[in-house]
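Residue numbers for the sequence shown follow our numbering, so the first one is 404 and each next one is one higher.
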Amino acid sequence: GCVSIHEAYTIRNLVEAYGFSYSEADIENLESTSINHLIVDALVYEEYGDELKAFAMRGGSVGVLVNPMKAIMSDDSVRILNKPFYSHTLCLFLNHQNDDVHVNIEADELTGFTAEGARVLVVDDNAMNLKVAEGLLGPLHMDMDFADSGKEAIEKASKTKYHIIFMDHMMPGMDGVETVSEIRKLQEFDGYYAKAPIVALTANIGADAKNAFASVGVKDLVTKPIEIKQIAKVIKKTLPKDLISTYHKSDRSVELQPAKPLLSIEGINVSEGIRNSGGPELFKNLLGDFYTLIDMKTSKIRKCLADGLIKDFTVEVHALKSTARMIGALELSDMFRKLEDLGNEGNIQKISERIEDVLSKYGEYKKYLLPFGKANEAAKDEVAPDVVKECLDDIKDAVDNFDLDRVDADMKKLETYRLPEDCQPLMEQLRAYVADVAMEDIINTAEAMKVKI
404 GCVSIHEAYT IRNLVEAYGF SYSEADIENL ESTSINHLIV DALVYEEYGD ELKAFAMRGG
464 SVGVLVNPMK AIMSDDSVRI LNKPFYSHTL CLFLNHQNDD VHVNIEADEL TGFTAEGARV
524 LVVDDNAMNL KVAEGLLGPL HMDMDFADSG KEAIEKASKT KYHIIFMDHM MPGMDGVETV
584 SEIRKLQEFD GYYAKAPIVA LTANIGADAK NAFASVGVKD LVTKPIEIKQ IAKVIKKTLP
644 KDLISTYHKS DRSVELQPAK PLLSIEGINV SEGIRNSGGP ELFKNLLGDF YTLIDMKTSK
704 IRKCLADGLI KDFTVEVHAL KSTARMIGAL ELSDMFRKLE DLGNEGNIQK ISERIEDVLS
764 KYGEYKKYLL PFGKANEAAK DEVAPDVVKE CLDDIKDAVD NFDLDRVDAD MKKLETYRLP
824 EDCQPLMEQL RAYVADVAME DIINTAEAMK VKI
């Protein structure tokens with residue numbers, strides 16, 4: 404095949420690395436060309452749209468490079484290729500014409516290096532974000548630790564000298580900026596953390612976030628959902644050079660795998676979800692995680708509003724904005740974004756007017772994603788009933804002693820166990836009651852679960 408890139412785009416090297424020939428295109432004389440694939444800029448499409456459509460009608464494939472922040476074009480005869488243009492985008496373009504398919508490309512093929520021996524800590528209160536970070540960065544072969552709170556991050560940093568810490572911004576309790584401030588004060592490792600490399604992870608890339616992190620010595624920011632190219636660039640720049648093992652494209656062969664059709668899922672942009680999660684298998688797993696948390700997060704949001712905790716409410720809807728976008732639930736993500744904006748404004752009246760519509764839409768995803776929730780449950784560890792009952796008894800004991808940290812630890816353990824199907828509704832209730840800190844309800848539900856185990 405032959406790929407033509409109008410006006411000599413810098414992706415020429417990328418095209419040739421995959422074994423395709425490159426040539427300049429004469430857009431006005433496409434009828435006589437031997438080109439199979441044509442990639443042009445949006446400005447060229449605006450000027451030569453008719454010629455390009457005719458080329459597509461004759462069996463050629465046309466990709467139009469656009470800025471994703473601008474209005475999306477609507478033309479079934481061409482493929483929309485978002486800038487910046489990556490290896491992954493090229494593979495999708497060369498392999499198929501539809502968005503609901505995927506080509507597997509290893510993460511290290513996109514980064515050009517590995518970093519064995521590098522010690523990295525990723526801090527995020529959202530388990531889905533941690534799972535994506537592990538999936539995307541795993542092929543770089545770094546030693547990775549994870550923390551789901553500022554408190555846990557400080558504890559781990561006091562015991563391990565990390566080459567890089569990736570720090571979430573908005574977290575309940577101690578937020579990312581406050582956590583960095585405390586880590587900077589650690590005296591371990593001869594005061595290493597006073598100036599240690601810490602990188603912000605944030606879905607809000609505005610001036611306020613940048614200034615807040617800059618005040619504690621954090622200059623680099625990585626946006627969420629995480630883009631492997633962006634985070635890899637920061638890692639390569641930040642790590643000591645002796646930890647980076649680079650290679651050239653010619654050192655490795657890249658096989659373009661056949662495109663595989665994916666499911667059509669109501670309310671989900673599948674291509675967006677796969678891009679954001681790094682691959683189809685992790686994407687399906689994240690759909691199950693998203694399903695699992697719906698009742699618990701809904702309950703937590705309601706409690707925040709009922710208690711007048713607008714800051715906590717804003718943190719919760721901010722997280723859901725990010726995770727909904729991650730799985731490709733773009734309309735839902737935008738609804739949570741608007742709630743977040745209202746939370747930042749402290750506009751309780753408008754939040755009250757909109758909250759039920761948003762939560763109703765959120766609840767619909769239980770129906771859409773039920774098969775993925777069941778698949779995740781089936782993949783969990785099967786343990787003896789007595790092990791589950793012991794965990795439930797420990798939850799009850801922790802509640803009696805108002806030991807909420809132990810309750811959280813026990814719930815994490817319980818989440819790894821495969822439970823009988825008729826116990827699932829009670830497990831969903833238990834998550835919600837733990838989120839509400841509804842002590843009596845936690846005890847009663849744990850006891851009811853023991854009966855069904």
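Note that CB positions come from ideal geometry on N, CA and C, so glycine has one too.
Status (buried if at least 16 other CB within 10 Å, exposed otherwise) for residue i
i, result
"D593", "exposed"
"G614", "A quick correction: the sequence has Asn, not Gly, at residue 614. The residue in question, N614, is exposed, as its Cβ has fewer than 16 Cβ neighbours within 10 Å."
"F805", "exposed"
"Y768", "buried"
"K724", "buried"
"K473", "Bear in mind that a pLDDT of 48 at K473, under 50, signals an unreliable position, so the number given afterwards is only what the model happens to contain. With fewer than 16 other Cβ atoms within 10 Å, it is exposed."
"A550", "buried"
"A612", "buried"
"A411", "With a pLDDT of 45 at A411, under the threshold of 50, the modelled position of this residue cannot be trusted; read the value that follows with caution. Its Cβ having fewer than 16 others within 10 Å, A411 is exposed."
"V406", "Residue placement at V406 is poorly supported in this model, since its pLDDT is 41, which falls under 50; the coordinates still yield a value, given next. V406 is buried by the Cβ-count criterion."
"R461", "exposed"
"S435", "exposed"
"T695", "buried"
"E831", "buried"
"E509", "Per-residue confidence for E509 stands at a pLDDT of 44, beneath the threshold of 50, marking its modelled position as unreliable; the derived number appears in the next sentence. Exposed."
"S755", "exposed"
"G711", "exposed"
"K644", "exposed"
"E675", "buried"
"K687", "buried"
Bounding residues of the beta strand (DSSP E) (the contiguous stretch that carries residue i)
i, result
"A550", "546-550"
"D593", "Counting along the chain, D593 falls outside any beta strand (DSSP E), though it belongs to the alpha helix (DSSP H) covering 591-594."
"N563", "Looking at the sequence shown, residue 563 is not Asn but Thr. No beta strand (DSSP E) contains T563, which DSSP labels as neither H nor E."
"D444", "440-444"
"R906", "Nothing about residue 906 can be read from this structure; the chain reaches only from 404 to 856."
"G466", "464-469"
"I601", "601-605"
"V625", "624-626"
Rounded Cβ spacing between residue i and residue j (contact assumed at less than 8 Å)
i, j, result
"P542", "H566", "Wrong, their Cβ atoms sit about 17 Å apart, outside the cutoff."
"S702", "A835", "4 Å"
"M547", "V523", "5 Å"
"V720", "E743", "5 Å"
"A849", "K799", "5 Å"
"K639", "I631", "Not really, about 12 Å apart at Cβ, beyond 8 Å."
"I629", "V535", "6 Å"
"E785", "R821", "5 Å"
"A606", "K627", "4 Å"
"L484", "I430", "Between I430 and L484 the Cβ distance is about 17 Å, and since that is not below 8 Å, they are no contact."
"A560", "L589", "6 Å"
Residue range of the alpha helix (DSSP H) that includes residue i
i, result
"R809", "807-818"
"D715", "713-729"
"T436", "Run containing T436: none; DSSP gives neither H nor E here."
"L742", "733-748"
"P575", "No alpha helix (DSSP H) contains P575, which DSSP labels as neither H nor E."
Backbone CA spacing between residue i and residue j [nearest angstrom]
i, j, result
"D797", "N779", "24 Å"
"A841", "D528", "21 Å"
"D789", "K855", "12 Å"
"D844", "A801", "14 Å"
"V837", "L773", "22 Å"
"E454", "E427", "16 Å"
"S667", "S736", "19 Å"
"N829", "A851", "Correcting the residue identity first, residue 829 is Leu in this sequence and not Asn. Looking at the two C-alpha atoms, the distance is approximately 8 Å."
"L689", "E585", "32 Å"
"L733", "F775", "18 Å"
"E748", "V602", "27 Å"
"D803", "R809", "11 Å"
"A617", "D623", "9 Å"
"P575", "E537", "22 Å"
"F516", "T649", "4 Å"
"E591", "H544", "26 Å"
"K456", "Y765", "39 Å"
"I677", "I730", "7 Å"
"S653", "E818", "Confidence at S653 is low in this model, with a pLDDT of 43, below 50, so the placement of that residue should be treated as unreliable; the coordinate-derived value is given next. Distance between the alpha carbons of S653 and E818: 44 Å."
Pick from the options that is closest to residue i, judged by C-alpha positions
i, options, result
"D825", "S667, E793, K816, K853", "K853"
"L533", "K562, A518, G520, D571", "D571"
"K636", "F716, A518, Q590", "A518"
"G620", "K627, S674, D645, T582", "T582"
"G553", "I704, R587, A521", "R587"
"V469", "L446, G452, A787", "L446"
"E714", "N439, T563, L696, I751", "In the sequence under discussion, the amino acid at residue 714 is Lys, which differs from the Glu named in the question. Of the listed residues, the one whose Cα sits closest to K714 is I751."
"A597", "K564, M577, M573, D578", "K564"
"S763", "V625, A556, D698", "D698"
"R757", "L708, I568, F458", "L708"
"E555", "V481, L540, M577, T726", "M577"
"G463", "E449, E450, R482", "R482"
Residue i: CB within 7 Å of a non-hydrogen atom of the ligand GTP
i, result
"L539", "Among the components of this structure there are no ligands whatsoever, and the ligand GTP is therefore not found."
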